[in-house]
Every structure is written in C-alpha cells, then in structure tokens.
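J.: Once you've had a glance at the structure underneath, I'll fire off some questions.
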Amino acid sequence: MTTTLNAYVHALRFEAEDITSIELRPVDGVAFPPFDAGSHIDLQLPNGLLRRYSLVNPPGDPGRYLVAVLKDRASRGGSRWLHENLRIGMRLTISAPRNNFKLHEDAAHTVLVAGGIGITPLLCMGRRLQQLGRPFELLVFARSRKSAAFVAEVEALGAPVLWHFDTEQGGPPDLKALLAARPAQHGTHYYACGPGVMLDSFEKLCAELGYTNAHLERFTAVEVAAATDARQSYTVELKRMGKVITVTPAQTLLEALRACGADPATSCEEGICGSCETAVLEGTPDHRDSVLSAAEHAANKVMMVCVSGCKSDRLVLDM
Ligand code: FES
Numbered sequence: 006m007t008t009t010l011n012a013y014v015h016a017l018r019f020e021a022e023d024i025t026s027i028e029l030r031p032v033d034g035v036a037f038p039p040f041d042a043g044s045h046i047d048l049q050l051p052n053g054l055l056r057r058y059s060l061v062n063p064p065g066d067p068g069r070y071l072v073a074v075l076k077d078r079a080s081r082g083g084s085r086w087l088h089e090n091l092r093i094g095m096r097l098t099i100s101a102p103r104n105n106f107k108l109h110e111d112a113a114h115t116v117l118v119a120g121g122i123g124i125t126p127l128l129c130m131g132r133r134l135q136q137l138g139r140p141f142e143l144l145v146f147a148r149s150r151k152s153a154a155f156v157a158e159v160e161a162l163g164a165p166v167l168w169h170f171d172t173e174q175g176g177p178p179d180l181k182a183l184l185a186a187r188p189a190q191h192g193t194h195y196y197a198c199g200p201g202v203m204l205d206s207f208e209k210l211c212a213e214l215g216y217t218n219a220h221l222e223r224f225t226a227v228e229v230a231a232a233t234d235a236r237q238s239y240t241v242e243l244k245r246m247g248k249v250i251t252v253t254p255a256q257t258l259l260e261a262l263r264a265c266g267a268d269p270a271t272s273c274e275e276g277i278c279g280s281c282e283t284a285v286l287e288g289t290p291d292h293r294d295s296v297l298s299a300a301e302h303a304a305n306k307v308m309m310v311c312v313s314g315c316k317s318d319r320l321v322l323d324m
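Numbering (the working numbering), first residue to last: 6 to 324.
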C-alpha cells in the first residue's frame with residue numbers, strides 16, 4: 006500500500022441483496038485527501054488482505070469516503086470478511102485515493118455502462134457530470150431488481166437511464182445493440198465497470214464499432230500470458246538509483262527490483278491497481294497488466310512493474 010490513512014467505520018448500510026455500503030471517516034479529524042471521479046481506495050483488512058473499492062460519493066464531498074462491497078460467493082476472504090465482521094466504529098487502514106479510470110469532464114456526451122456492483126465508480130462519475138451540467142446517460146444492468154444498488158441515487162442524477170434486469174427480461178442485455186444505438190459522434194466517451202465477461206465484450210464491441218473513447222475498470226486481474234517474443238533474461242537500468250541489474254528466468258521483474266534494494270510502491274501485485282506504475286525511459290515492456298489501455302501499452306511510456314516483463318534486451322526505468 007502507498008500513502009496510508011487512518012479511518013473509522015462511521016456507517017454501514019444495506020444497499021441491495023448482498024451489497025453493503027461502508028462510510029469511512031478520518032480518525033482524529035484529520036481530513037481525507039480530495040479525490041476525483043473514478044478513484045478507488047485500498048482497504049487493509051485485519052486478516053491481512055488488501056481489497057480495492059471505488060469511491061461512490063461525489064468528488065468534493067468533504068470528510069468521508071463511501072464504498073460499497075458485494076459479498077462475493079467465491080470470496081477469498083475479502084468481501085466475506087467485510088460483510089461478516091465489520092462493525093460501526095471499527096478502525097481501518099486505507100490508502101489515499103488513486104485513479105486509473107479518469108473521467109473526461111469536457112466530453113460532449115458520456116455513456117456510463119454499469120454491470121452489478123460496477124455501478125460504484127459510474128455513480129460517482131454521474132454525480133460529477135451532474136455537478137458540471139454535462140450531458141450523459143446510463144445503461145445499468147443487474148441480475149434482478151433486488152440486487153441493484155443505488156437505484157434511487159441513479160434516478161436522482163436526472164439523466165436518461167436504461168435499466169436492464171436479467172430476471173425480468175429473460176437474460177443478459179444485448180450490449181452490441183445498446184452500444185450501436187449510441188454512436189460515437191461529437192466526441193462521445195464510454196465508460197464501463199462490471200463483471201469481467203461484460204468488460205471483455207464491451208472492449209471488443211467498442212473496437213468493432215470504432216469507439217476509440219472507450220474506458221473500463223477491472224476489479225479482477227485478467228491472466229495475461231507472457232508474449233511469445235518476451236525475453237527470458239534482460240537487463241534493467243534504474244536511472245535514478247544508478248544501478249544496472251539482470252532479471253533472470255527464475256525471477257519476476259518485481260523480485261529482481263526488490264533484490265537490488267529498489268522498492269517500488271505496490272498494492273495489488275496483480276496488475277490491476279496502478280500503484281506500481283513506472284516511467285519507461287528506454288526499451289520495450291511486455292505489458293501484462295489490466296490497468297493501462299491498449300494505446301498506453303502501445304506507447305510504452307509507462308509500465309506496471311509488478312506483473313510485466315520485457316521484449317527488448319534492455320529496459321531503462323525512471324527509478
Ligand atoms: S501493484 Fe497493483 S498494478 Fe502493480
């Protein structure tokens with residue numbers, strides 16, 4: 006975890022079936038840092054796990070962070086712990102907000118596509134767009150009406166909303182038709198958050214439809230295999246430290262960095278949080294993260310050193 010903050014649980018609220026919101030406030034009255042729409046924080050759980058949640062409350066909402074947690078049936082101890090053990094008044098260590106899902110506030114039009122608990126960052130974005138008076142609409146999908154969180158808050162945004170409940174409409178939405186009906190004219194930006202399958206399909210459909218302003222945020226890492234031309238062994242120059250190291254086939258880049266005394270900020274260590282983003286000064290990374298866009302991967306200006314490798318004999322990092 007990077008910068009840490011001390012918080013206490015001010016309120017817990019039932020939001021929908023298996024979804025609880027957690028309102029965190031600063032301990033000792035020390036104000037939380039401000040954040041912008043699309044930001045997330047990490048919660049350090051007493052059982053040692055670190056979990057990442059999007060902020061739901063609007064930017065500029067002073068003195069509190071609001072997140073919502075879906076009790077995942079396949080929980081490895083994060084969401085289950087929070088649902089079963091968290092109590093009002095408990096203290097938690099959290100990270101300062103980070104944003105890998107930035108809102109283009111000046112877009113002529115914005116389409117927000119939410120699946121299930123993926124509504125959380127998009128509600129925050131909607132609230133920001135409402136504050137700015139910018140035009141936007143939402144497509145909100147949920148398994149059923151009772152599993153949909155923040156329905157009243159979404160309606161209160163005053164923007165057009167298309168609701169889709171699988172149990173009422175006989176199955177999942179036709180995302181292709183819904184996106185095709187909202188063409189990328191006048192600089193429209195599209196944002197999606199939700200289950201991995203929905204995001205895979207959003208990414209593919211936006212590419213097919215030529216929607217270049219498509220953005221998404223994943224909460225589970227996508228397994229990305231090493232590229233066929235990835236180097237087994239390569240050298241890394243750490244420019245600011247004045248060191249040159251060799252990453253061997255038996256090591257990850259992160260292991261090699263730590264072994265030489267470099268200590269990049271990390272959190273998830275699986276390529277989804279963005280904490281370890283490092284500037285690339287020379288060389289070609291083998292990107293294996295789920296944070297950067299395809300364009301950012303192609304530009305090779307930054308990389309996530311926790312999961313990525315290298316396609317050239319040498320990398321020079323700003324470290
Ligand atoms: S530590 Fe989270 S992306 Fe690298």
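Every residue gets a Cβ at the ideal spot worked out from N, C-alpha and C, and that includes glycine.
M309 and G276: beta carbons closer than 8 angstroms?
T.: Cβ distance < 8 angstroms, so M309 and G276 count as in contact.
J.: Measure how close the beta-carbons of G199 and T225 come, nearest whole angstrom, since I'm counting them as under 8 angstroms.
T.: By a beta-carbon distance limit of 8 angstroms, G199 does not contact T225. Their separation comes to about 11 angstroms.
J.: When you compare each of L167, E89, L128, K244 to E158 by their alpha carbons, which one comes out closest?
T.: L128
J.: For M6 and G175, I'd like the C-alpha separation in whole angstroms.
T.: Note on M6: pLDDT 47, under 50, position unreliable in the model; no value is reported.
J.: Residue range of the beta strand (DSSP E) that C198 falls in?
T.: Residue range 193-198 is occupied by the beta strand (DSSP E) that includes C198.
J.: What three-state label does DSSP hand C273 in the structure shown?
T.: Three-state result, C273: coil.
J.: Terminal residues of the continuous beta strand (DSSP E) containing K248?
T.: Unbroken beta strand (DSSP E) run through K248: 248-252.
J.: Using a threshold of 8 angstroms, state whether the C-beta atoms of K378 and R236 are closer than that.
T.: Given a span of 6 to 324 for the chain in the structure shown, any question on residue 378 remains unanswerable.
J.: For the structure I just gave you, are there three or more beta carbon pairs, one from the region 30-40 and one from the region 111-124, closer than 8 angstroms?
T.: Flag = no, the region 30-40 and the region 111-124 do not touch.
J.: Taking contact to mean at least 3 C-beta pairs separated by less than 8 angstroms, is the region 18-33 in contact with the region 62-79?
T.: yes
J.: Quick check: the Cα distance between G94 and E208, rounded to an integer number of angstroms?
T.: 41 angstroms
J.: Can you look up F40 in the DSSP assignment and give me helix, strand or coil?
T.: In the three-state reduction of the DSSP assignment, F40 falls in the coil class.
J.: Pick out every residue whose C-beta is nearer than 7 angstroms to a heavy atom of the ligand MG: which are they, in chain order?
T.: This structure lacks the ligand MG; the ligands present are the ligand FES.
J.: For a quick check, are the C-beta atoms of E260 and V321 less than 8 angstroms apart?
T.: For E260 and V321, no; Cβs fall outside 8 angstroms.
J.: Return the chain-ordered list of same chain residues with a C-beta closer than 6 angstroms to the C-beta of T8, the five sequence neighbours on each side being excluded.
T.: A101
J.: Taking the beta strand (DSSP E) that G94 belongs to, which residues open and close that run?
T.: First-last for G94: undefined, no H or E at that position.
J.: Grouping DSSP H, G and I as helix and E and B as strand, with all else coil, what is T8?
T.: Coil.
J.: In terms of residues, what are the limits of the alpha helix (DSSP H) holding T217?
T.: T217 -> no alpha helix (DSSP H), and no H or E assigned at all.
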